[in-house]
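One structure below.
Number of protein chains: 2
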Amino acid sequence: MDRPIVVASNRGPVTFERDPLGNPTQRRGVGGLVTAVSGALRGREGIWIASAVTDEDRRVAGSGPVDVDLAGAMLHVRMVDVPPDTFRASVDGFSNRVLWFVHHYLWDPPRTPTFGDQENEAWDAYQDMNRRFAEAVAEAAPDGGTAVIQDYHLALVPQLLRKLRPDLAIGLFWHIPFAQPDYLSLLSDEWARGLLDGMLGADILGFQTDRWLRSFLACTRQILGIKPRDRILVAGGRTVRASTYPIGVNPEHLTEIAAEPAVKVARAGLEEWLGDRKLVLRVDRTELSKNILRGLRAYELLLERRPELRGRVVHLALLQPSRRSVPEYRDYIDECVAAAARVNDRFGPEAVRLEISDDFPRSLAAYTLYDVLVVNPVFDGMNLVAREGPCLNRRGGVLVLSRNAGASVELAPASLLVNPVDVDQTARAISDALDMPEEERQERARKLRRLARGRSPGKWLDAQLRDLEQRRP
Amino acid sequence: MDRPIVVASNRGPVTFERDPLGNPTQRRGVGGLVTAVSGALRGREGIWIASAVTDEDRRVAGSGPVDVDLAGAMLHVRMVDVPPDTFRASVDGFSNRVLWFVHHYLWDPPRTPTFGDQENEAWDAYQDMNRRFAEAVAEAAPDGGTAVIQDYHLALVPQLLRKLRPDLAIGLFWHIPFAQPDYLSLLSDEWARGLLDGMLGADILGFQTDRWLRSFLACTRQILGIKPRDRILVAGGRTVRASTYPIGVNPEHLTEIAAEPAVKVARAGLEEWLGDRKLVLRVDRTELSKNILRGLRAYELLLERRPELRGRVVHLALLQPSRRSVPEYRDYIDECVAAAARVNDRFGPEAVRLEISDDFPRSLAAYTLYDVLVVNPVFDGMNLVAREGPCLNRRGGVLVLSRNAGASVELAPASLLVNPVDVDQTARAISDALDMPEEERQERARKLRRLARGRSPGKWLDAQLRDLEQRRP
Chain F
32 MDRPIVVASN
42 RGPVTFERDP
52 LGNPTQRRGV
62 GGLVTAVSGA
72 LRGREGIWIA
82 SAVTDEDRRV
92 AGSGPVDVDL
102 AGAMLHVRMV
112 DVPPDTFRAS
122 VDGFSNRVLW
132 FVHHYLWDPP
142 RTPTFGDQEN
152 EAWDAYQDMN
162 RRFAEAVAEA
172 APDGGTAVIQ
182 DYHLALVPQL
192 LRKLRPDLAI
202 GLFWHIPFAQ
212 PDYLSLLSDE
222 WARGLLDGML
232 GADILGFQTD
242 RWLRSFLACT
252 RQILGIKPRD
262 RILVAGGRTV
272 RASTYPIGVN
282 PEHLTEIAAE
292 PAVKVARAGL
302 EEWLGDRKLV
312 LRVDRTELSK
322 NILRGLRAYE
332 LLLERRPELR
342 GRVVHLALLQ
352 PSRRSVPEYR
362 DYIDECVAAA
372 ARVNDRFGPE
382 AVRLEISDDF
392 PRSLAAYTLY
402 DVLVVNPVFD
412 GMNLVAREGP
422 CLNRRGGVLV
432 LSRNAGASVE
442 LAPASLLVNP
452 VDVDQTARAI
462 SDALDMPEEE
472 RQERARKLRR
482 LARGRSPGKW
492 LDAQLRDLEQ
502 RRP
Chain D
32 MDRPIVVASN
42 RGPVTFERDP
52 LGNPTQRRGV
62 GGLVTAVSGA
72 LRGREGIWIA
82 SAVTDEDRRV
92 AGSGPVDVDL
102 AGAMLHVRMV
112 DVPPDTFRAS
122 VDGFSNRVLW
132 FVHHYLWDPP
142 RTPTFGDQEN
152 EAWDAYQDMN
162 RRFAEAVAEA
172 APDGGTAVIQ
182 DYHLALVPQL
192 LRKLRPDLAI
202 GLFWHIPFAQ
212 PDYLSLLSDE
222 WARGLLDGML
232 GADILGFQTD
242 RWLRSFLACT
252 RQILGIKPRD
262 RILVAGGRTV
272 RASTYPIGVN
282 PEHLTEIAAE
292 PAVKVARAGL
302 EEWLGDRKLV
312 LRVDRTELSK
322 NILRGLRAYE
332 LLLERRPELR
342 GRVVHLALLQ
352 PSRRSVPEYR
362 DYIDECVAAA
372 ARVNDRFGPE
382 AVRLEISDDF
392 PRSLAAYTLY
402 DVLVVNPVFD
412 GMNLVAREGP
422 CLNRRGGVLV
432 LSRNAGASVE
442 LAPASLLVNP
452 VDVDQTARAI
462 SDALDMPEEE
472 RQERARKLRR
482 LARGRSPGKW
492 LDAQLRDLEQ
502 RRP
């Protein structure tokens with residue numbers, strides 16, 4: 032295991048830019064995947080293959096790997112130069128508008144999706160981008176090495192890579208939920224089969240939880256006619272193993288960055304604003320699957336039912352902008368803003384505060400302060416907010432958690448689980464959380480913190496590498 | 032088997048009214064279920080339990096069973112008097128807005144459903160109505176008799192009835208699709224478990240196709256933790272068997288009614304209107320799951336791509352009004368009307384003709400005349416239009432059929448199958464159907480007619496009764 036591990040993901044650990052003086056600069060990549068994988072690679076050597084996004088990235092792509100020390104992980108970063116139109120069609124058009132939607136059940140089937148030329152071109156671009164990644168990994172990986180491919184953007188890489196480099200041990204980790212076969216079958220046969228076949232090129236397919244794993248197996252069975260036996264699938268004369276590797280957070284790292292001055296300043300600002308009001312918090316990307324709208328409706332219902340809480344509780348929704356170029360997302364955010372305005376019209380000028388900005392220190396500060404954290408996604412592969420919040424909270428805060436978040440598997444015993452579409456139940460859960468006696472709150476919070484810290488990204492990757500080692504071809 | 036069979040369904044074979052002179056009159060019930068079950072009971076004696084809908088029905092409900100001869104079936108009809116508010120909440124509020132939606136994947140999960148007080152009350156009403164039906168069946172059924180309960184309106188009846196009448200053999204036939212467990216879990220636990228437990232009171236659970244049956248088994252497994260063995264489930268110390276009984280049409284009966292003068296008149300009118308234009312037909316209820324919108328878009332795409340067809344083809348959409356009191360349906364129909372108007376704006380005043388009316392003779396006449404029949408539901412338990420049309424068509428018409436209609440299992444070899452959300456593919460299928468050489472059309476149509484006629488309602492019920500006899504407690 033001393034050969035460097037090859038990681039491939041759409042978004043890389045850094046992007047390169049030029050500052051106003053024309054000097055090259057690095058910016059840390061965003062998103063849970065980068066945090067998790069870079070945490071996991073601490074103290075190791077890795078080759079990380081990622082898409083070139085900026086112009087400077089493309090320049091870097093032409094000039095070979097760049098060495099980056101990222102929080103203790105020594106990474107050789109290689110950028111894959113995907114032509115901008117192909118990249119947009121593949122990532123925005125196919126990965127994010129088709130695969131993300133299908134696996135999170137985000138369509139309105141009487142009306143959407145409607146597949147046509149645009150989507151067919153997006154599928155072509157997706158295949159092209161996956162080919163480019165497979166070639167880049169094939170070129171970078173040491174003899175008999177190990178490649179861990181990340182997520183739905185690169186689902187075809189395992190099969191393509193295996194043809195180029197049969198000597199590699201190949202893992203694919205699927206970070207998001209997996210749709211059940213009737214819903215997945217809304218995709219064309221070519222796409223659904225292509226997706227599953229592509230994945231089956233791996234030696235190990237990793238999922239966040241048993242639930243998504245079983246849905247994947249139901250798909251291979253219903254769509255490909257391949258029946259699993261003890262989570263082993265036989266495809267193309269090879270065996271593929273499906274396993275779960277729940278992803279976690281790095282609490283030490285979180286604590287470190289939460290101690291930075293920017294977080295302290297943000298915290299002081301929030302405390303002053305809060306006064307003695309209770310804080311019902313949500314932290315999310317502006318994302319259709321996060322169920323922000325029903326969160327606001329549940330809060331509205333709470334204030335409707337319990338007038339004594341008006342003015343004494345505030346709902347802070349910290350939303351990082353995401354996918355603003357996609358019309359479905361713009362419409363959704365407009366609806367959220369309107370819903371928040373309605374609550375404030377009804378129950379006071381600051382019953383809800385909805386902030387759409389990318390202010391990570393403020394999110395960390397808010398984590399320390401919440402009384403109730405609402406994490407109610409319609410569907411979510413894992414959800415790291417549900418782990419980060421409890422790691423940092425100092426107020427015995429209660430977690431109201433969707434039973435459709437992967438995190439619910441482990442955090443259920445210490446949270447208030449809700450059916451995310453049940454606004455009434457969500458409102459009651461927030462109400463119960465606010466009423467919970469101090470002692471019970473503290474005890475739950477302690478238990479929750481222990482559970483939330485339990486899975487480090489290092490262990491997450493270690494387990495995959497160990498299993499891949501055993502299944503080396 | 033000489034004891035009368037008890038059938039229970041929400042809609043009965045007749046409703047009672049008063050004519051303007053105050054004399055009681057009977058009107059035949061509508062819908063595929065009534066057609067199928069009354070066809071199946073031809074030449075038998077049956078007791079049919081159904082909801083009282085009209086004021087006259089309620090009067091009848093108070094005065095015991097009414098004997099009705101319905102196309103050769105001798106039926107004793109008993110009306111169950113469900114209070115109007117309960118009936119509305121149960122049927123419109125729960126059965127049609129919750130159960131119908133979940134099993135046809137009709138929600139838009141970022142926004143709908145949002146469960147609250149109204150839905151909780153609807154669930155209470157649903158339980159109440161199911162109790163009343165269970166009591167009515169318990170009262171009417173002969174000793175050691177057989178009860179066949181129909182569809183999702185009455186899913187709780189088997190369990191409730193078993194408690195009252197353990198001597199009965201109880202079947203439940205599920206006419207619609209069955210959702211897979213992640214989607215079904217959008218219901219509250221109480222509802223989802225209640226639904227499955229209620230169904231498991233039956234000796235035999237019948238489904239249209241293997242696909243819906245397997246989805247049901249996946250639900251009992253994921254939601255109740257009950258693992259099937261060879262389609263036998265053990266629940267509450269009893270065994271329940273799941274089987275498929277695909278429903279069909281009665282071609283002789285269809286031919287009879289198609290020969291009636293009203294149909295001939297309608298046919299002459301249609302022929303005159305058509306002239307030498309080709310007819311692309313759809314016949315449906317105004318129903319979200321029928322995919323009328325995408326059908327119109329596919330037709331629009333066809334005319335866009337093939338200018339030579341403009342004015343030489345017409346798309347007739349015959350839509351029977353349905354569920355007009357449900358806002359989702361009103362919105363959807365408005366969208367369909369707007370989509371049809373857009374096609375006509377672009378491609379001529381009568382490229383599409385969309386008729387919303389309840390004109391059965393006109394539908395039968397149109398069946399005889401179509402060149403292409405479009406049956407493209409997003410999901411559909413069986414779909415009888417796909418069988419009725421080919422039974423009556425005389426023009427070698429081609430069937431474009433959704434792969435998500437239960438009918439596709441048997442009709443696939445003689446139809447053009449499409450993924451219903453793939454507008455591009457649907458447009459190409461209609462195009463191919465119009466271009467098909469005469470000989471191939473005629474050969475396909477012959478094969479299709481044979482397949483479409485293959486399942487009579489009589490055989491459908493016979494198979495269930497035979498299986499129930501074997502499993503008599």
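Read top to bottom, the protein sequences are chains F and D.
The opening residue of the first sequence carries number 32 in this note's numbering; numbering runs sequentially from there.
The opening residue of the second sequence carries number 32 in this note's numbering; numbering runs sequentially from there.
Glycine residues also receive a C-beta, built at the ideal position from the N, C-alpha and C atoms.
Please read these numbers as outputs of a predicted model, since none were measured by experiment.
From residue i to residue j, what does the alpha carbon distance come to, in whole angstroms?
{"i": "D:Y398", "j": "F:R196", "result": "57 Å"}
{"i": "F:G43", "j": "F:A67", "result": "12 Å"}
{"i": "D:K194", "j": "D:A233", "result": "11 Å"}
{"i": "D:S82", "j": "D:E386", "result": "30 Å"}
{"i": "D:L93", "j": "D:D112", "result": "Contrary to the premise, residue 93 of chain D reads as Gly rather than Leu in this sequence. Approximately 8 Å, taken between the alpha carbons."}
{"i": "F:L312", "j": "F:N435", "result": "19 Å"}
{"i": "D:G256", "j": "F:R260", "result": "19 Å"}
{"i": "D:M32", "j": "D:I80", "result": "The predicted position of D:M32 is uncertain, since its pLDDT is 48 and thus under 50; a value taken from the coordinates is nonetheless stated next. So the alpha carbons of these two residues sit roughly 19 Å apart."}
{"i": "D:L218", "j": "D:S121", "result": "16 Å"}
{"i": "D:A371", "j": "D:I364", "result": "11 Å"}
{"i": "D:R480", "j": "D:V440", "result": "15 Å"}
{"i": "D:G306", "j": "D:V368", "result": "24 Å"}
{"i": "D:V168", "j": "D:L192", "result": "7 Å"}
{"i": "D:P338", "j": "D:R373", "result": "16 Å"}
{"i": "F:K258", "j": "D:L226", "result": "29 Å"}
Looking only at its chain, what residues have a beta carbon closer than 7 Å to the beta carbon of residue i, apart from the 5 residues adjacent to it on each side?
{"i": "F:L310", "result": "V345, L347, L400, Y401 and D402"}
Starting from the C-beta of residue i, find all residues in its chain whose C-beta is less than 6 Å away, skip the five residues before and the five after it, and write them out in chain order.
{"i": "D:I78", "result": "P35, V37, H107 and A171"}
{"i": "D:R384", "result": "L347"}
{"i": "F:R231", "result": "Note on identity: in this sequence residue 231 of chain F is Leu, with Arg being the wrong assignment. Here the set comprises A266 and V271."}
{"i": "D:K321", "result": "D315 and P408"}
Who are the neighbours of residue i on chain D, taking C-beta pairs under 8 Å?
{"i": "F:V416", "result": "Within chain D, no residue comes near F:V416; the closest Cβ sits about 18 Å away, beyond 8 Å."}
{"i": "F:S246", "result": "D213"}
At a CB-CB cut-off below 9 Å, which residues of chain F make contact with residue i?
{"i": "D:N450", "result": "F146, S216, L217, L218, S219 and D220"}
{"i": "D:V409", "result": "P140, P141 and L217"}
{"i": "D:L324", "result": "P141, R142 and T145"}
What does residue i reach in chain F if we use C-beta pairs closer than 8 Å?
{"i": "D:Y136", "result": "P140, D213 and Y214"}
{"i": "D:A249", "result": "Q211 and A249"}
Go through its chain and collect everything with a Cβ distance to residue i's Cβ below 8 Å, but skip five positions before and after it.
{"i": "D:S353", "result": "R316, T317, E318 and Y360"}
{"i": "D:M467", "result": "V429 and R475"}
{"i": "F:R336", "result": "A458 and S462"}
{"i": "D:L64", "result": "S40, R42, Q181, D182 and H206"}
Since residue i and residue j should fall inside the 8 Å C-beta cutoff, what is the C-beta to C-beta distance between them, to a whole number of angstroms?
{"i": "D:Q239", "j": "D:P292", "result": "About 34 Å; that fails the 8 Å criterion."}
{"i": "D:S446", "j": "D:L432", "result": "4 Å"}
{"i": "F:E24", "j": "F:L324", "result": "The question about residue 24 of chain F has no answer, for chain F in this structure spans 32 to 504."}
{"i": "D:F164", "j": "D:F209", "result": "Their Cβ separation, rounded to whole angstroms, is 21 Å, which puts D:F164 and D:F209 out of contact at 8 Å."}
{"i": "F:P488", "j": "F:G279", "result": "6 Å"}
Taking Cβ-Cβ distances shorter than 9 Å, what residues in chain D pair up with residue i?
{"i": "F:S433", "result": "Those within 9 Å of F:S433 in chain D number zero; the least Cβ separation is about 11 Å."}
{"i": "F:Y363", "result": "P141 and R142"}
Quick one: what does DSSP say residue i is sitting in, helix, strand or coil?
{"i": "F:V65", "result": "helix"}
{"i": "F:S446", "result": "coil"}
{"i": "D:K478", "result": "helix"}
{"i": "D:L415", "result": "coil"}
{"i": "D:V296", "result": "helix"}
{"i": "D:E386", "result": "strand"}
{"i": "D:M32", "result": "Model confidence at D:M32 stands at a pLDDT of 48, short of 50, so the residue's coordinates are unreliable; what they give is reported in the following sentence. Coil, per DSSP."}
{"i": "D:E318", "result": "coil"}
{"i": "F:T46", "result": "strand"}
Which chain F residues are close to residue i, counting only those with a beta carbon under 7 Å from its beta carbon?
{"i": "D:D88", "result": "Within 7 Å Cβ-Cβ: nothing; D:D88 doesn't reach chain F, min ~32 Å."}
{"i": "D:L319", "result": "P141"}
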